[in-house]
Amino acid sequence: MRDEPTVICSPAVFELIAPDAPVVPVNVDLTYSSRDPYAVQASFRTGNGTAVDWVFARDLLHDGLIGPAGTGDVRVQPMPLEPHKVQLELSSPSGHAVFTTCAQTLGDFLHRTYVAVPADTEYSWLDFDVALSDLLNDPARD
Numbered sequence: 001m002r003d004e005p006t007v008i009c010s011p012a013v014f015e016l017i018a019p020d021a022p023v024v025p026v027n028v029d030l031t032y033s034s035r036d037p038y039a040v041q042a043s044f045r046t047g048n049g050t051a052v053d054w055v056f057a058r059d060l061l062h063d064g065l066i067g068p069a070g071t072g073d074v075r076v077q078p079m080p081l082e083p084h085k086v087q088l089e090l091s092s093p094s095g096h097a098v099f100t101t102c103a104q105t106l107g108d109f110l111h112r113t114y115v116a117v118p119a120d121t122e123y124s125w126l127d128f129d130v131a132l133s134d135l136l137n138d139p140a141r142d
């Protein structure tokens, strides 16, 4: 575990794709913290000023830049007819959404995360005492 966490933030624009409707741009804040070295958070800014947060495996986003990745709730893949774009499909009990975004923007963000915490070194960044304390003190578990 390192003493000081590294946090990387990057704004992005994702396009919400809906059948029979125009594309809707959505501002998204991508955040990576070495305190949770396997994950990336995407905060989707909705029109009313609130955010909808999704947490993805960093490797899932990386793999989705190269080819289809993910099963279940999150799927990521390059767009075959538009290689400069990536498609992100999200499913939850609340609904289903399909987004596209710039592959270069996502790739640049991920590159910065791998410079900060290289692949296969994530384990050394984990603070097991804090994680265990958070788990044991989680009020939602009471």
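In the UniProt record's numbering, the protein residues as written are 1 to 142.
We treat Cβ as the ideally placed atom computed from N, Cα and C, and that holds for glycine.
Being a predicted model, the structure only gives us computed values, none of them experimental.
Each of F14, C9, V7, E4 was checked against the Cα of K85, and the nearest Cα belongs to F14. When D36, T50, G67 are compared, the shortest CA-CA separation from F56 is found for D36.
For the region 6–66, the continuous alpha helix (DSSP H) assignments of 4+ residues that do not extend past its boundaries occur at 58–66, in sequence order.
DSSP, read as helix, strand or coil, puts T100 in strand. The beta carbons of Q41 and T31 sit about 5 Å from each other, so the pair counts as a contact at 8 Å. Boundaries of the beta strand (DSSP E) around E82: 82–92. One thing to note: A18 has its Cβ no nearer than 9 Å to the Cβ of L106. Distance from the Cα of L16 is smallest, within the candidate group N48, A39, N27, H62, for N27. Under the three-state reduction of DSSP output, G107 falls in the helix class. Annotation: the continuous beta strand (DSSP E) that includes V76 extends over 74–79. Between L61 and D73, the C-beta gap is not smaller than 9 Å, which leaves the two residues out of contact. DSSP, read as helix, strand or coil, puts A119 in coil.
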